[in-house]
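Enquirer:
Protein chains: 2
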Amino acid sequence: MQTAPSSFDPRDFRRALGTFATGVTIVTARAQDGTPVGITANSFNSVSLQPPMVLWSLANTARTREVFSTSSHWNVHILSNAQEQLSNRFARAGEDKFAGLALDESAFGAPLLRGCSARFECRSAFQYEGGDHTIFVGEVVAYDSCALPPLLYLTGEYALASRKAAPVSTEPQADLAGASYSEDLLGYLLGRAHFQFMHHLRPALQAYQLSDADFFVLSLLSVRSPLSQADLAAHLSYTGVHFDAALCQTMLARQLLAAAPDAAGQAGPWQISAHGRQAIAAVLALATQAEEALVARLGEIEAAALRNLLKHLILATDPGLPKLWRSPSAP
Amino acid sequence: MQTAPSSFDPRDFRRALGTFATGVTIVTARAQDGTPVGITANSFNSVSLQPPMVLWSLANTARTREVFSTSSHWNVHILSNAQEQLSNRFARAGEDKFAGLALDESAFGAPLLRGCSARFECRSAFQYEGGDHTIFVGEVVAYDSCALPPLLYLTGEYALASRKAAPVSTEPQADLAGASYSEDLLGYLLGRAHFQFMHHLRPALQAYQLSDADFFVLSLLSVRSPLSQADLAAHLSYTGVHFDAALCQTMLARQLLAAAPDAAGQAGPWQISAHGRQAIAAVLALATQAEEALVARLGEIEAAALRNLLKHLILATDPGLPKLWRSPSAP
Numbered sequence: 159m160q161t162a163p164s165s166f167d168p169r170d171f172r173r174a175l176g177t178f179a180t181g182v183t184i185v186t187a188r189a190q191d192g193t194p195v196g197i198t199a200n201s202f203n204s205v206s207l208q209p210p211m212v213l214w215s216l217a218n219t220a221r222t223r224e225v226f227s228t229s230s231h232w233n234v235h236i237l238s239n240a241q242e243q244l245s246n247r248f249a250r251a252g253e254d255k256f257a258g259l260a261l262d263e264s265a266f267g268a269p270l271l272r273g274c275s276a277r278f279e280c281r282s283a284f285q286y287e288g289g290d291h292t293i294f295v296g297e298v299v300a301y302d303s304c305a306l307p308p309l310l311y312l313t314g315e316y317a318l319a320s321r322k323a324a325p326v327s328t329e330p331q332a333d334l335a336g337a338s339y340s341e342d343l344l345g346y347l348l349g350r351a352h353f354q355f356m357h358h359l360r361p362a363l364q365a366y367q368l369s370d371a372d373f374f375v376l377s378l379l380s381v382r383s384p385l386s387q388a389d390l391a392a393h394l395s396y397t398g399v400h401f402d403a404a405l406c407q408t409m410l411a412r413q414l415l416a417a418a419p420d421a422a423g424q425a426g427p428w429q430i431s432a433h434g435r436q437a438i439a440a441v442l443a444l445a446t447q448a449e450e451a452l453v454a455r456l457g458e459i460e461a462a463a464l465r466n467l468l469k470h471l472i473l474a475t476d477p478g479l480p481k482l483w484r485s486p487s488a489p
Numbered sequence: 159m160q161t162a163p164s165s166f167d168p169r170d171f172r173r174a175l176g177t178f179a180t181g182v183t184i185v186t187a188r189a190q191d192g193t194p195v196g197i198t199a200n201s202f203n204s205v206s207l208q209p210p211m212v213l214w215s216l217a218n219t220a221r222t223r224e225v226f227s228t229s230s231h232w233n234v235h236i237l238s239n240a241q242e243q244l245s246n247r248f249a250r251a252g253e254d255k256f257a258g259l260a261l262d263e264s265a266f267g268a269p270l271l272r273g274c275s276a277r278f279e280c281r282s283a284f285q286y287e288g289g290d291h292t293i294f295v296g297e298v299v300a301y302d303s304c305a306l307p308p309l310l311y312l313t314g315e316y317a318l319a320s321r322k323a324a325p326v327s328t329e330p331q332a333d334l335a336g337a338s339y340s341e342d343l344l345g346y347l348l349g350r351a352h353f354q355f356m357h358h359l360r361p362a363l364q365a366y367q368l369s370d371a372d373f374f375v376l377s378l379l380s381v382r383s384p385l386s387q388a389d390l391a392a393h394l395s396y397t398g399v400h401f402d403a404a405l406c407q408t409m410l411a412r413q414l415l416a417a418a419p420d421a422a423g424q425a426g427p428w429q430i431s432a433h434g435r436q437a438i439a440a441v442l443a444l445a446t447q448a449e450e451a452l453v454a455r456l457g458e459i460e461a462a463a464l465r466n467l468l469k470h471l472i473l474a475t476d477p478g479l480p481k482l483w484r485s486p487s488a489p
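So the protein lines, in turn, are chains Z and X.
Residue numbers for the first sequence follow my numbering, so the first one is 159 and each next one is one higher.
Residue numbers for the second sequence follow my numbering, so the first one is 159 and each next one is one higher.
1) For Leu296(Z), which three-state DSSP category applies?
2) Under three-state DSSP, which class holds Asn466(Z)?
3) Kindly indicate the opening and closing residues of the beta strand (DSSP E) around Ala416(X).
4) Let me know the secondary structure DSSP gives Ala162(X) once reduced to three states.
5) Against chain Z, with Cβ distances strictly below 9 Å, would Gly196(X) count as a contact?
6) Using a Cβ cut-off of 9 Å (strictly closer), state whether Gly288(X) contacts chain Z.
7) Please list the partners that Ala260(X) has in chain Z, where partner means a Cβ-to-Cβ separation under 9 Å.
8) Should Val212(Z) and Leu216(X) be called a contact, given that it needs their Cβ atoms to be closer than 9 Å?
9) Does DSSP classify Asp476(X) as helix, strand or coil?
10) If you measure between the beta carbons of Thr186(X) and Leu271(X), is that distance less than 9 Å?
11) Should Leu260(Z) go down as buried or exposed, given a rule of 16 or more other Cβ atoms within 10 Å for buried?
12) Less than 6 Å between C-beta atoms, sequence neighbours within five positions excluded: which residues of the same chain meet that for Thr313(Z)?
13) May I ask you to report which of helix, strand or coil DSSP gives Gly176(X)?
14) For His231(Z), which three-state DSSP category applies?
15) Name, going along the chain, the residues of the region 340 to 361 of chain Z whose beta-carbon falls closer than 9 Å to a beta-carbon of chain X.
16) CA-CA distance, Val326(Z) and Lys469(X)?
17) Does the pairing of the region 386 to 405 of chain X with the region 447 to 465 of chain X give three or more beta-carbon distances under 8 Å?
18) Using a Cβ-Cβ distance under 9 Å, would Tyr316(X) count as near chain Z?
19) Is there contact between the region 159 to 176 of chain Z and the region 188 to 207 of chain X, where contact requires at least three CB pairs shorter than 8 Å?
20) Determine, using beta carbons only, whether Ala337(Z) comes closer than 9 Å to chain X.
21) In the DSSP output, what is Val185(X) paired with across the bridge?
22) Please report whether the beta-carbon of Lys508(Z) lies at a distance below 9 Å from any beta-carbon of chain X.
23) Check this for me: beta carbons of Tyr286(X) and Ile184(Z), under 9 Å apart or not?
24) Does the structure place the region 436 to 450 of chain X close enough to the region 351 to 365 of chain X that three or more beta carbon pairs sit under 8 Å?
25) Within this structure, are the beta carbons of Ser320(Z) and Ser320(X) separated by less than 9 Å?
26) Quick check: the Cα distance between His231(X) and Tyr301(Z), rounded to an integer number of angstroms?
27) How would you list, in chain order, the residues of chain X whose beta-carbon sits under 7 Å from the beta-carbon of His291(Z)?
28) In angstroms, rounded to a whole number, what distance separates the CA positions of Leu348(X) and Ala462(Z)?
29) Give a yes or no on whether the C-beta atoms belonging to Leu237(Z) and Gly181(Z) are separated by under 9 Å.
30) Quick check on Thr193(X): buried or exposed, where buried means 16 or more other Cβ atoms within 10 Å of its Cβ?
31) What in chain Z is Cβ-close to Phe294(X), meaning under 7 Å?
32) Between Ser380(X) and Ile430(X), how many whole angstroms is the CB-CB distance? I'm expecting something under 8 Å.
33) Sorted by chain position, which residues of the same chain lie with C-beta nearer than 7 Å to Val492(X)'s C-beta, five sequence neighbours on each side aside?
34) Alpha carbon to alpha carbon, what distance is there between Ala392(X) and Ala488(Z)?
35) Return the residue from the list Ser383(X), Ser377(X), Ile472(X) that minimises the CA-CA distance to Arg350(Z).
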């Protein structure tokens with residue numbers, strides 16, 4: 159325990175407070191001369207249901223304090239996951255924060271931003287002392303909300319939330335020569351999740367007699383084409399697929415691949431054939447269906463969080479792959 | 159906009175407020191007769207740095223209100239991801255909430271729970287009116303924190319947070335006959351994440367000349383053994399591996415599999431051989447290393463959130479697999 163308040167290290171104290179996750183809000187008001195003001199705050203919380211009341215707190219040194227202190231109304235916007243830049247804009251001082259923003263009409267004058275997870279129009283009810291901040295309590299006089307996944311703030315960084323899942327099962331692990339294998343291993347979960355997704359593509363893979371290796375080659379060539387045998391091998395090696403001469407010849411013989419128009423000979427470069435294009439389109443049509451069904455089952459909040467975490471993981475484990483998605487013409 | 163406060167539907171209003179994510183706290187105090195009291199609250203927030211102050215609010219109808227109103231000190235505990243049941247216990251009325259809980263000593267008398275992400279010992283500073291709740295503002299006189307991932311509450315459910323990742327790349331998608339393929343597709347991200355993880359296992363797979371199919375068969379038999387050919391095929395079909403007679407014979411010839419002691423003949427059931435056990439142990443040793451390195455890179459917060467989401471996804475896309483992890487003796 160840190161037990162001497164006067165000597166708390168402010169950074170350490172903030173870090174400890176930061177373990178309490180919050181959403182992110184922008185609170186807005188309008189000065190008496192009509193100027194809109196707004197500030198990013200994560201000190202929001204609900205207070206009362208009857209009457210409906212919420213609170214937030216503002217530093218006494220904030221330039222907008224005078225406006226909020228004298229406004230009869232202010233609006234709280236709970237930001238959506240897509241509004242990180244808006245949050246940054248309203249957290250900085252000095253620029254015209256409302257420049258270029260489309261606003262909705264408010265019956266009570268304070269600016270209403272768009273694209274938020276929820277909005278609360280409030281009548282200023284109480285202002286309370288709170289150390290170096292003032293606590294503003296407002297009575298909610300109007301609100302709306304939508305299903306946009308909210309933006310979060312945790313330990314000083316933006317974050318996403320995901321609702322807790324029921325465990326896949328409750329049985330624990332097998333032990334094997336000191337190495338244990340359990341359903342809590344990310345390696346296992348990734349494989350099972352990946353293959354359960356791939357399962358939905360198998361009807362099209364079977365209809366076109368595509369192996370997983372064929373599918374990966376055609377997927378790659380549908381994103382970037384033409385590619386030499388060496389480039390194909392380099393892009394695919396992390397999947398365990400060896401794009402060697404044998405696989406290349408088989409795919410050529412099955413008319414899944416074709417030589418690029420400027421191919422110099424047997425060494426490629428290779429592109430996807432008309433038949434290969436038909437095959438991969440059939441697989442990707444199922445993939446699109448599976449993706450939509452999955453997002454519907456997971457919900458948008460979880461889908462956004464899962465995409466985010468998989469990107470984390472991909473960055474954290476990148477074995478130095480060639481950049482697939484950067485177009486060849488990019489710098 | 160819902161614009162008639164007196165007629166707000168309380169459920170809808172709570173749902174709108176619920177889009178603001180929060181951590182979960184338990185606030186404790188001690189009655190004058192020494193009885194400990196505690197209540198789950200997500201209405202916590204930080205207020206001031208100098209002096210260090212926090213706030214939370216309590217329903218005026220709460221049975222513990224009298225104790226909190228008259229206590230000179232109370233403690234706020236920011237709950238960790240593992241404390242969901244503790245949160246439920248302190249959210250319910252009527253039972254002895256502290257039964258069986260180990261407490262730490264507090265210099266100021268209020269109970270200090272263990273296993274939390276952070277704890278703040280507070281001197282009661284202000285009590286403010288807030289509609290049907292009272293707002294308690296306390297000056298923090300001691301605190302501690304640790305790196306445990308915190309528990310979250312969002313739209314009425316427990317949740318996990320994950321910090322936002324940088325995008326894997328900024329280039330968009332390829333379009334192909336109406337089906338598009340982009341790095342935002344969960345199907346793509348799952349495959350890439352899975353294979354990047356598998357990449358770390360390839361040295362051991364190559365040393366033992368194990369194909370991915372061999373690896374999946376041996377992994378399965380290391381968790382559940384013996385299994386008939388039909389059971390092996392059923393468990394593995396979702397991976398795209400066909401455990402047919404040819405694969406079985408090859409793995410037997412390579413002494414990766416062996417007939418179970420009570421095998422009736424050529425139909426199995428099969429178990430892992432001593433050589434197979436050695437091979438899979440080598441792979442799983444690399445998997446354990448890769449897992450630890452991955453969790454270290456991602457951080458515990460993200461690793462917990464990713465496990466959670468992959469379990470969501472696995473449940474949402476389960477093609478009706480036999481239950482691998484339920485032991486055969488389970489009901």
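Cβ atoms here follow ideal geometry from the backbone N, Cα and C, with glycine treated the same way.
Expert: Taking the geometry as given:
1) For the purposes of this step, residue 296(Z) is taken as the residue at position 138 of the first sequence. Sequence inspection shows Gly at residue 296(Z); the Leu mentioned does not correspond to that position. Note: Gly296(Z) maps to strand in three-state DSSP.
2) Your numbering for residue 466(Z) matches position 308 in the first sequence. In this structure, Asn466(Z) counts as helix in the three-state DSSP scheme.
3) Mapped onto the second sequence, residue 416(X) falls at position 258. Per DSSP, Ala416(X) belongs to the beta strand (DSSP E) from 415 to 417.
4) In the second sequence, residue 162(X) corresponds to position 4, counting from 1. Residue state, collapsed to three classes: coil.
5) Counting from one through the second sequence, the residue named residue 196(X) turns up at place 38. No, Gly196(X) lies away from the interface with chain Z (no Cβ there is under 9 Å from its Cβ).
6) On the second sequence, residue 288(X) is found 130 positions in, with the first residue counted as 1. By this cut-off, Gly288(X) is an interface position.
7) Position 102 of the second sequence, counting from 1, holds the residue named residue 260(X). Here the premise fails: no neighbours, minimum Cβ distance about 16 Å.
8) Position 54 of the first sequence, counting from 1, holds the residue named residue 212(Z). Position 58 of the second sequence, counting from 1, holds the residue named residue 216(X). The answer is no: Cβ separation not under 9 Å.
9) Position 318 of the second sequence, counted from the start, is the residue given in the question as residue 476(X). Coil at Asp476(X), not helix or strand.
10) The residue labelled residue 186(X) in the question sits at position 28 within the second sequence. The residue labelled residue 271(X) in the question sits at position 113 within the second sequence. Against a cut-off of 9 Å, the Cβ pair of Leu271(X) and Thr186(X) comes out as a contact.
11) For the purposes of this step, residue 260(Z) is taken as the residue at position 102 of the first sequence. Correcting the residue identity first, residue 260(Z) is Ala in this sequence and not Leu. Flag for Ala260(Z) reads exposed.
12) Stepping through the first sequence from its first residue, residue 313(Z) is reached at position 155. These residues qualify, in order along the chain: Gly176.
13) Indexing the second sequence from 1 puts residue 176(X) at position 18. Residue state, collapsed to three classes: coil.
14) On the first sequence, residue 231(Z) is found 73 positions in, with the first residue counted as 1. Strand.
15) Ser340, Glu341, Asp342, Leu343, Leu344, Gly345, Tyr346, Leu347, Leu348, Gly349, Arg350, Ala351, His352, Phe353, Gln354, Phe355, Met356, His357, His358, Leu359, Arg360
16) On the first sequence, residue 326(Z) is found 168 positions in, with the first residue counted as 1. On the second sequence, residue 469(X) is found 311 positions in, with the first residue counted as 1. With a pLDDT of 47 at Val326(Z), under the threshold of 50, the modelled position of this residue cannot be trusted, and the question is left open.
17) no
18) For the purposes of this step, residue 316(X) is taken as residue 158 along the second sequence, with counting starting at 1. By this cut-off, Tyr316(X) is an interface position.
19) yes
20) Taking the first sequence and counting its residues from 1, the one referred to as residue 337(Z) is at position 179. Below a pLDDT of 50, predicted positions are generally treated as unreliable, and Ala337(Z), at 42, falls in that range; the measurement from the model is reported next regardless. So, interface residue.
21) Along the second sequence, one-based indexing puts residue 185(X) at 27. Ile197(X), Val234(X), per the DSSP bridge assignment.
22) Residue 508(Z) is absent from the model: chain Z starts at 159 and stops at 489.
23) Translated into the one-based positions of the second sequence, residue 286(X) becomes position 128. Translated into the one-based positions of the first sequence, residue 184(Z) becomes position 26. No, they are not a contact pair.
24) yes
25) As a first step, residue 320(Z) is located in the first sequence; it is residue number 162 there, counting from the start. As a first step, residue 320(X) is located in the second sequence; it is residue number 162 there, counting from the start. Against a cut-off of 9 Å, the Cβ pair of Ser320(X) and Ser320(Z) comes out as a contact.
26) As a working note, residue 231(X) is residue 73 in the second sequence. As a working note, residue 301(Z) is residue 143 in the first sequence. Answer to the nearest angstrom: the Cα atoms are 36 Å apart.
27) Residue numbering aside, residue 291(Z) sits at position 133 when the first sequence is read from its first letter. Val205, Ser206, listed in chain order.
28) Translated into positions along the second sequence, residue 348(X) becomes position 190. Translated into positions along the first sequence, residue 462(Z) becomes position 304. Cα to Cα, Leu348(X) sits roughly 13 Å from Ala462(Z).
29) Here residue 237(Z) refers to the residue found at position 79 when the first sequence is read from its first residue. Here residue 181(Z) refers to the residue found at position 23 when the first sequence is read from its first residue. In this structure, Gly181(Z) lies closer than 9 Å to Leu237(Z) by Cβ.
30) Walking along the second sequence from the start, residue 193(X) turns up at place 35. Flag for Thr193(X) reads exposed.
31) The residue given as residue 294(X) occupies position 136 in the second sequence. Residues of chain Z passing the Cβ test: none, with the nearest at roughly 11 Å.
32) Stepping through the second sequence from its first residue, residue 380(X) is reached at position 222. Stepping through the second sequence from its first residue, residue 430(X) is reached at position 272. Between Ile430(X) and Ser380(X) the Cβ distance is about 6 Å, and since that is below 8 Å, they are a contact.
33) No information on residue 492(X) is available, as it lies outside the stretch 159 to 489 that chain X covers here.
34) By one-based count along the first sequence, residue 488(Z) stands at place 330. By one-based count along the second sequence, residue 392(X) stands at place 234. The pLDDT assigned to Ala488(Z) is 34, lower than 50, so where the model puts this residue is not dependable; a value taken from the coordinates is nonetheless given after this. For Ala488(Z) and Ala392(X), the distance between alpha carbons rounds to 46 Å.
35) Working through the first sequence from its first residue, we reach residue 350(Z) at position 192. Nearest C-alpha to Arg350(Z): Ile472(X).
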